[in-house]
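Protein sequences appear in the order of chains A and B. Its first residue numbered 33, the first sequence is counted upward by one per residue in this note's numbering. Its first residue numbered 236, the second sequence is counted upward by one per residue in this note's numbering. For each residue, glycine too, the CB sits at the ideal point set by N, CA and C.
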Amino acid sequence: DGGITQSPKYLFRKEGQNVTLSCEQNLNHDAMYWYRQDPGQGLRLIYYSQIVNDFQKGDIAEGYSVSREKKESFPLTVTSAQKNPTAFYLCASSKGHLQETQYFGPGTRLLVL
Amino acid sequence: AQSVTQPDIHITVSEGASLELRCNYSYGATPYLFWYVQSPGQGLQLLLKYFSGDTLVQGIKGFEAEFKRSQSSFNLRKPSVHWSDAAEYFCAVVNDYKLSFGAGTTVTVRA
Chain A
33 DGGITQSPKY LFRKEGQNVT LSCEQNLNHD AMYWYRQDPG QGLRLIYYSQ IVNDFQKGDI
93 AEGYSVSREK KESFPLTVTS AQKNPTAFYL CASSKGHLQE TQYFGPGTRL LVL
Chain B
236 AQSVTQPDIH ITVSEGASLE LRCNYSYGAT PYLFWYVQSP GQGLQLLLKY FSGDTLVQGI
296 KGFEAEFKRS QSSFNLRKPS VHWSDAAEYF CAVVNDYKLS FGAGTTVTVR A
């Protein structure tokens, strides 16, 4: 079964702690994306990667970091610099061209203790 | 910058009734438009998309959308709503290097 997996489903962060959200896809897609979802605000792009070893900042990259060492993996680290990290985080992938459909993972909900 | 507006935050509809969700975009050229649906606590699923050609687009789950350039709109419709259609719906437009999403419309279905 091809698809996108995100783990964990729920994640708790303590003050000053960095946490990493996992995103894996077995769709052989070149492009991957991270979005943040807050109530009433739709989805906002954090980072995206069009190819391995390359990634670009989205609209709200401050306080976040990513890596793209493998085609199938695009982990997102929420650093201590992100002062309001509580949100629902969605990972997506697409074949590469922006007109191609983006397929979404089930999401990770990050909560601050 | 290109943007998407969904004027209705919340819509309540009776089961079996018709549904129309509004989406307006601002864009100079022919936009690439999408409708996604999200069930609570889940990821997004593509309902349909428009790139060019026929302005009436058919999607999954019995949904359709009509692209109207003169009104800068891409409204989503379903003739008869089922209880399982209760969800949040997002309109999105390709904006340079990314998708720009509207704020979403929550649909409640009453028996």
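Contacts with chain B at 8 Å (Cβ-Cβ) include A:Q73.
Annotation: the continuous beta strand (DSSP E) that includes A:A124 extends over 119-126.
Cα atoms of A:E101 and A:G95: separation of roughly 20 Å, rounded to the nearest angstrom. Under the 8 Å Cβ criterion, the region 137-144 of chain A does not count as touching the region 239-249 of chain B, having fewer than three qualifying pairs.
For secondary structure counted as the alpha helix (DSSP H) over 4 or more consecutive residues, the region 246-282 of chain B holds no complete run. Classified as exposed, B:I295 has fewer than 16 neighbouring CB atoms from the shown chains inside 10 Å of its CB.
Secondary structure of B:D320 (DSSP, three-state): helix.
Shown here, A:R45 sits in a strand according to DSSP, grouped into three states. Here A:P40 is exposed. Its C-beta has fewer than 16 other C-beta atoms within 10 Å. A:V51 has its alpha-carbon roughly 35 Å from the corresponding atom of B:Y267. Beta-bridge partners assigned by DSSP to B:V239: B:Y260.
Sixteen is the threshold: when 16 or more other Cβ atoms of the shown chains lie within 10 Å of the Cβ of B:G278, as they do, the residue is buried. Within the region 56-82 of chain A, contact with chain B at the beta-carbon level (separation under 7 Å) is assigned to G72, Q73, G74, L75, L77, Y80.
Membership of B:F336 in the beta strand (DSSP E) is indicated by the continuous run 333-336. Under the three-state reduction of DSSP, B:I295 is assigned to helix.
Contacts between A:T133 and chain B, judged by CB atoms closer than 9 Å, involve F269, L281, K284 in chain order.
In the structure shown, A:Q88 falls within a strand segment according to DSSP collapsed to helix, strand and coil. DSSP places B:S305 in no beta strand (DSSP E); its state is neither H nor E.
Here DSSP, grouped into helix, strand and coil, assigns A:L143 to strand. Not one beta carbon of chain A lies nearer than 8 Å to the beta carbon of B:A300.
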